[in-house]
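J.: In full-length UniProt numbering, the protein residues as written are 1 to 81. Ideal Cβ placement from N, Cα and C applies to all residues, glycine included. Everything numeric in this text was worked out from a predicted model, so none of it was measured. Dropping a structure here in structure tokens format, bear with me for questions.
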């Protein structure tokens with residue numbers, strides 16, 4: 001029996017350059033909340049500074065969707081409490 005495993009390649013997409021400084025990587029609060037077991041929504045993010053979150057339009061094969069995104073500093077602020 002062959003127990004060898006083949007690696008799964010993960011392709012990284014380049015970050016978009018049209019976002020403001022501080023938004024090198026965009027984090028969706030709903031995804032972060034799922035990972036951490038927290039309820040993160042617009043109400044939770046009210047204590048963040050205005051430059052730590054924004055609403056963007058996400059486009060996929062299904063259509064467009066408005067979504068709240070956070071910067072890395074916002075994630076640290078939420079974890080800090």
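Measure how close the beta-carbons of residue 67 and residue 28 come, nearest whole angstrom, since I'm counting them as under 8 Å.
T.: Rounded, the Cβ-Cβ distance is 6 Å, consistent with contact.
J.: Nearest-angstrom Cα distance between residue 73 and residue 62?
T.: Taking the straight line from one Cα to the other gives about 30 Å.
J.: Flag this pair as yes or no: are the beta carbons of residue 32 and residue 40 separated by less than 8 Å?
T.: Yes, the Cβ-Cβ distance between residue 32 and residue 40 is below 8 Å.
J.: Exposed or buried, what is residue 70 when buried is set at 16 or more other beta-carbons lying within 10 Å of its beta-carbon?
T.: Burial call: buried.
J.: With DSSP as the reference, label residue 63 as helix, strand or coil.
T.: Here residue 63 sits in strand by DSSP.
J.: Express the C-alpha separation of residue 55 and residue 64 in angstroms, rounding to a whole number.
T.: Their backbone Cα atoms lie some 13 Å apart in a straight line.
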